[in-house]
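Listed in order, the protein sequences are those of chains G, U and W. If you read the first sequence in the numbering used here, its first letter stands for residue 4, the second for the next number, and so on. If you read the second sequence in the numbering used here, its first letter stands for residue 4, the second for the next number, and so on. If you read the third sequence in the numbering used here, its first letter stands for residue 3, the second for the next number, and so on. Glycine residues also receive a C-beta, built at the ideal position from the N, C-alpha and C atoms.
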Amino acid sequence: MHIPDGLIDAKTAAVTAALAAAGLGMALREVQRQLPPRRVPLLGLSAAFLFVAQMINFPVLAGTSGHLLGGVLVAALLGPGAAVVVLAAVLIVQAFLFGDGGVLALGANLFNMALLGAVGGWWVYRWASRIWPGPQGHLTGVAFGGWCSTVLAAIGCSGMLAWSGKAPWAVAFSAMAGIHMIIGLGEGLISALVWAALWRLRPDLVAQPQTPQSGVPATGWIGYGLLVALGLALFVVPFACPWPDGLERALAKLGLERAELRPVVPPLAPDYQVPGVSHAAVATAVAGAAGALIVFGLAWLLGRWLVRSAGPNRIGAARD
Amino acid sequence: MRLELLSHLHRPQPGPLERLPAGPKLLVGLGIIVCTVLAPARQPGWVAALALLVASAVVASRLPIWFVLKRLLVLSPFVLGVALVQAWQAQDCAAWGMTLAKSGVCLTTVILLANTTPFTHTLQVLRRAGAPGLLMTTLALMYRYLFVLAEEAQRMDRARASRTFRASRRLQWQGLATLLGQLFARASERAERIYAAMCARGWR
Amino acid sequence: MTAAIQVRNLHYRYHDGTEALRGVSFEVAAGECVGLLGPNGSGKSTLLLHLNGLLPDPPASPPAVWIHGQPLTASSLAAIRRQVGLLFQDPDDQLFCPTVEEDVAFGPQQLGLEPAQVQARVRRALAQVGLAGYERRATHHLSQGEKRRVCLAGVLACEPVILALDEPTSDLDPRARREFKTLLRELPGTKLIATHDLELVVELCPRAIVLDQGQIVADGPTIRLLNDEALMLAHGLERPHILRHIHPHPDVGPGQGGAS
Chain G
4 MHIPDGLIDA KTAAVTAALA AAGLGMALRE VQRQLPPRRV PLLGLSAAFL
54 FVAQMINFPV LAGTSGHLLG GVLVAALLGP GAAVVVLAAV LIVQAFLFGD
104 GGVLALGANL FNMALLGAVG GWWVYRWASR IWPGPQGHLT GVAFGGWCST
154 VLAAIGCSGM LAWSGKAPWA VAFSAMAGIH MIIGLGEGLI SALVWAALWR
204 LRPDLVAQPQ TPQSGVPATG WIGYGLLVAL GLALFVVPFA CPWPDGLERA
254 LAKLGLERAE LRPVVPPLAP DYQVPGVSHA AVATAVAGAA GALIVFGLAW
304 LLGRWLVRSA GPNRIGAARD
Chain U
4 MRLELLSHLH RPQPGPLERL PAGPKLLVGL GIIVCTVLAP ARQPGWVAAL
54 ALLVASAVVA SRLPIWFVLK RLLVLSPFVL GVALVQAWQA QDCAAWGMTL
104 AKSGVCLTTV ILLANTTPFT HTLQVLRRAG APGLLMTTLA LMYRYLFVLA
154 EEAQRMDRAR ASRTFRASRR LQWQGLATLL GQLFARASER AERIYAAMCA
204 RGWR
Chain W
3 MTAAIQVRNL HYRYHDGTEA LRGVSFEVAA GECVGLLGPN GSGKSTLLLH
53 LNGLLPDPPA SPPAVWIHGQ PLTASSLAAI RRQVGLLFQD PDDQLFCPTV
103 EEDVAFGPQQ LGLEPAQVQA RVRRALAQVG LAGYERRATH HLSQGEKRRV
153 CLAGVLACEP VILALDEPTS DLDPRARREF KTLLRELPGT KLIATHDLEL
203 VVELCPRAIV LDQGQIVADG PTIRLLNDEA LMLAHGLERP HILRHIHPHP
253 DVGPGQGGAS
């Protein structure tokens with residue numbers, strides 16, 4: 004899901020770069036404040052790990068295979084701020100060294116995959132692991148959080164594509180979000196399996212509170228929350244009501260016309276008065292929510308199954 | 004494992020572009036990408052001119068053409084997908100043709116830069132440009148240990164495959180997940196040793 | 003004259019409770035080259051980590067290690083680290099910068115030297131290990147032997163007076179091993195070499211210490227120790243073949259001339 008150069012226009016790239024820079028800055032500050040010095044090399048090594056992990060193919064059907072993206076996994080192990088830094092390093096190397104993801108699109112990719120995806124998914128993980136203490140909750144959180152992160156990143160991506168005029172929102176959203184709801188299943192499953200494997204091998208690595216629990220100042224989360232809300236407001240919410248057809252022709256002209264048509268500050272509560280469309284929008288929302296619930300149920304079952312199957316085989320069991 | 008992406012082209016003698024300093028090269032490349040993205044969609048002349056510029060740079064660099072084309076193909080599925088969507092939706096072909104062309108030019112520029120500039124030089128340029136210290140440390144360590152971890156993963160994968168006699172997708176997934184868990188554990192232990200090595204030479 | 007290294011009654015326990023070092027005491031005089039032998043798990047690496055204060059964390063009080071008469075405490079940690087250069091077992095752990103130049107310059111930079119001085123030290127250290135001109139090379143492309151030599155250069159660039167080496171020849175091919183041995187022989191200063199390479203000890207270290215299960219079981223002239231077959235076998239070692247082909251007098255070996 005790395006957006007290459009040429010797929011988003013200059014203003015999208017600029018705005019997302021600004022949002023991503025702000026988010027990365029906040030993450031760096033948080034990491035510097037919270038991370039003990041002996042863990043600093045772990046950031047670089049985790050980035051290398053993530054890069055290599057993304058190259059390992061998990062065979063699905065004949066020919067196709069999936070692979071881990073790992074944002075939520077790293078966030079669960081190291082904390083959300085560290086995950087943002089790690090993902091930034093991975094994306095930079097991927098862009099500069101391999102052309103996987105555009106150089107100008109770095110901000111967009113970082114916003115989607117790190118701020119929207121990894122941090123959003125981490126929130127889900129944290130909520131789940133608090134409600135169900137013990138490995139069951141962690142596994143459910145990692146699995147469901149992994150799925151959520153994929154879907155969230157896809158939604159952000161489609162919003163950016165639509166903002167750039169490369170693809171109309173309805174098409175981009177249904178294609179990207181739809182596909183990634185399936186891909187997200189793989190991400191959730193693999194993340195959970197790897198977390199379970201790590202829990203068996205080195206329970207001290209997963210059990211330790213890597214994330215600052217009580218010490219997080221509220222201002223940190225307000226900052227992240229604002230960034231994400233702003234991004235969603237810019238890229239997703241305005242598209243909830245589709246554009247009239249005539250805009251498609253106007254979208255062919257880059258920049259000028261679009262700026263005139265769109266309000267400077269997009270409405271936070273879009274108007275669903277267009278006849279025949281409101282049903283579609285509501286239906287989409289309901290379908291999405293239902294899908295999420297189903298996936299959550301699957302994640303919960305997966306968590307239980309993994310905990311049970313790992314029970315007596317845990318290598319570190321005697322040490323607890 | 005898609006490790007072939009890590010195999011950089013090692014050429015017997017460096018081409019002319021490799022001898023140029025990294026900073027200006029990166030700036031020029033960035034400039035080309037910015038111009039390509041900003042080029043008006045309705046005037047293909049601009050993109051054509053940039054494409055010509057990049058193509059002549061590829062020729063000048065003496066990189067094998069098949070290498071460049073292969074990388075282009077490997078990295079393009081997303082672009083093709085979006086272009087297909089545009090072709091299906093839009094009234095004229097110009098839109099998706101332009102998307103393909105722009106992406107192609109940008110991608111080729113990056114491939115060119117990546118293969119004529121050692122990443123360590125890029126890191127130095129970024130450091131001089133004032134990138135945050137923690138990010139630079141992370142990038143440097145990441146690049147340094149990328150190949151180490153990749154080789155470890157490859158060795159573990161081969162060992163796993165040597166003891167796999169049944170084609171069971173479930174066992175394969177379990178095996179790969181364990182491999183990744185083991186890889187992270189080893190990476191974590193190595194990070195501790197690196198911290199000790201850094202302290203031994205006076206860090207912090 | 004104060005010993006270069008003084009260790010008195012050193013104890014250390016791992017986090018899971020196993021005792022790694024049980025009352026280790028010894029002294030190394032300035033300029034001596036001592037071999038540290040012992041089976042796997044005897045505590046050799048752990049002992050070396052105590053010499054520059056990496057263990058215990060935080061430093062023990064009262065101190066158990068003295069470097070050139072200075073006790074190893076939290077306040078003297080930085081000063082002692084400058085004096086003791088530690089070469090780690092796995093060069094990939096120690097060689098953590100992307101280029102050779104950056105890695106060798108790391109130590110001098112941490113010392114706070116001027117860029118010109120740092121450059122000079124890097125050049126000198128690389129020349130000392132026979133890798134002049136390797137500055138711009140990427141570290142992950144080097145061979146094992148080259149990596150070890152760059153690690154040594156990185157340590158030498160800090161100009162320590164004591165060198166502690168952990169298995170310096172463990173994964174080298176015969177030629178790289180020979181080159182590294184020659185290098186080590188020519189280095190001045192006090193040296194403590196933990197190794198399984200018994201031939202290396204015979205050739206470079208007039209004195210050897212045998213460690214087993216965290217305790218020193220023997221400490222004396224290398225040839226005499228290694229010729230003691232019973233002692234060697236009892237502690238997971240063996241009498242090296244090289245000793246079968248030299249002077250039968252137990253105290254005389256290569257490079258030692260007359261009786262000790």
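Distance check for residue j and residue i, CA to CA, integer angstroms please.
i: G140(G); j: R311(G); result: 13 angstroms
i: L76(G); j: L115(U); result: 33 angstroms
i: G74(G); j: V174(G); result: 26 angstroms
i: I195(W); j: L174(W); result: 16 angstroms
i: T181(U); j: L202(W); result: 40 angstroms
i: V277(G); j: F238(G); result: Per-residue confidence for V277(G) stands at a pLDDT of 38, beneath the threshold of 50, marking its modelled position as unreliable; no derived number is given.
i: C153(W); j: G109(W); result: 11 angstroms
i: K105(U); j: A50(G); result: 30 angstroms
i: R84(W); j: P117(W); result: 18 angstroms
i: V62(U); j: G34(U); result: 19 angstroms
i: L200(W); j: Y148(U); result: 32 angstroms
i: L48(W); j: L165(W); result: It should be pointed out that residue 48(W) corresponds to Thr in this sequence rather than to Leu. When rounded, the distance between both Cα atoms is 15 angstroms.
i: L183(U); j: K46(W); result: 31 angstroms
i: Q112(W); j: K73(U); result: 44 angstroms
i: L126(U); j: A78(G); result: 25 angstroms
i: K256(G); j: V37(U); result: A caution first: K256(G) carries a pLDDT of 43, below 50, which makes its placement in the model unreliable, though a value can still be read off. The alpha-carbon atoms of K256(G) and V37(U) are separated by roughly 18 angstroms.
i: R246(W); j: T119(U); result: 56 angstroms
i: M3(W); j: R123(W); result: 30 angstroms
i: V285(G); j: A157(G); result: 19 angstroms
i: A143(U); j: V219(W); result: 44 angstroms
i: S177(G); j: G9(G); result: 22 angstroms
i: L94(G); j: A16(G); result: 15 angstroms
i: E263(G); j: A107(W); result: Interpretation of E263(G) is limited by its pLDDT of 39, a score under 50 that renders its predicted location unreliable; the figure taken from the coordinates is listed afterwards. Each residue's alpha carbon lies about 56 angstroms from the other.
i: L137(U); j: L31(G); result: 7 angstroms
i: F122(U); j: R42(G); result: 24 angstroms
i: L174(U); j: E181(W); result: 47 angstroms
Taking 8 angstroms as the threshold (C-beta atoms), are residue j and residue i in contact?
i: S191(U); j: L45(G); result: yes
i: L27(G); j: L81(G); result: no
i: P83(G); j: V122(G); result: yes
i: I244(W); j: V212(W); result: no
i: V82(U); j: L103(U); result: yes
i: G87(W); j: V157(W); result: yes
i: T19(G); j: M163(G); result: yes
i: A155(W); j: A127(W); result: yes
i: V88(G); j: V34(G); result: yes
i: H237(W); j: P41(W); result: yes
i: W202(G); j: P136(G); result: no
i: L309(G); j: A131(G); result: no
Since residue i contacts residue j with CB under 8 angstroms, what's their CB separation in whole angstroms?
i: I327(G); j: A111(G); result: Residue 327(G) is absent from the structure shown; chain G starts at 4 and stops at 323.
i: Q91(W); j: E169(W); result: 5 angstroms
i: G191(G); j: A290(G); result: Not confirmed; about 19 angstroms, so no contact.
i: G59(G); j: L179(U); result: The sequence as given places Ile at residue 59(G); Gly does not occur at that position. With a Cβ gap of about 6 angstroms, I59(G) and L179(U) count as contacting.
i: L1(W); j: A203(U); result: Because chain W spans 3 through 262 in this model, residue 1(W) falls outside it and cannot be assessed.
i: A6(W); j: T197(W); result: About 19 angstroms separates the two Cβ atoms, so there is no contact after all.
i: P100(W); j: A159(W); result: At roughly 17 angstroms, the Cβ-Cβ gap does not stay under 8 angstroms, so P100(W) and A159(W) are not in contact.
So is residue i in contact with chain C if we call contact Cβ pairs under 8 angstroms?
i: N54(W); result: Protein chains in the displayed structure are G, U and W, and chain C is not among them.
Ranges of the beta strand (DSSP E) found wholly within the segment 83-166 of chain W, counting only runs of at least 3:
86-89
Within 7 angstroms of chain W by C-beta, residues of the segment 137-168 of chain U in sequence order
A143, L144, Y146, R147, F150 and V151
Taking only runs that begin and end inside the segment 58-140 of chain G, name each unbroken alpha helix (DSSP H) of 4 or more residues, in chain order.
74-81, 83-96, 109-113 and 122-134
Residues of the segment 25-48 of chain G in Cβ contact with chain U at a cutoff of 7 angstroms, in chain order, please.
L31, V34, Q35, P40, R41, V43, P44, L45, L46, G47 and L48
So if I threshold CB-CB distances at 7 angstroms, which residues from the segment 188-211 of chain G count as touching chain U?
I193, L196, V197, A200, L201, L204, R205 and L208
If we require 4 or more residues per run, which alpha helix (DSSP H) segments fall completely within the segment 135-197 of chain U?
136-165
To be precise: take each residue of the segment 93-115 of chain W, compare its Cβ to all Cβ atoms of chain U, and keep it if any distance is under 7 angstroms. Which residues remain?
D94, D95, Q96, F98, C99, P100, T101, F108, G109, Q112 and L113
Check each residue of the segment 101-117 of chain G: if its Cβ is closer than 7 angstroms to any Cβ of chain U, include it; give the result in chain order.
F101, G102, D103, G105, V106 and L107
Complete runs of the alpha helix (DSSP H) confined to the segment 26-83 of chain W [at least 4 residues]
46-53
Can you list, in chain order, the residues of the segment 167-188 of chain U whose Cβ is nearer than 9 angstroms to any Cβ on chain G?
R172, Q175, W176, Q177, L179, A180, T181, L182, L183, G184, Q185, L186, F187 and A188
If you measure beta-carbon to beta-carbon, which residues of the segment 9-25 of chain G are closer than 9 angstroms to chain U?
G9, L10, I11, D12, A13 and A16
Using a Cβ-Cβ cut-off of less than 7 angstroms, list which residues of the segment 126-140 of chain W approach chain U; keep chain order.
A140
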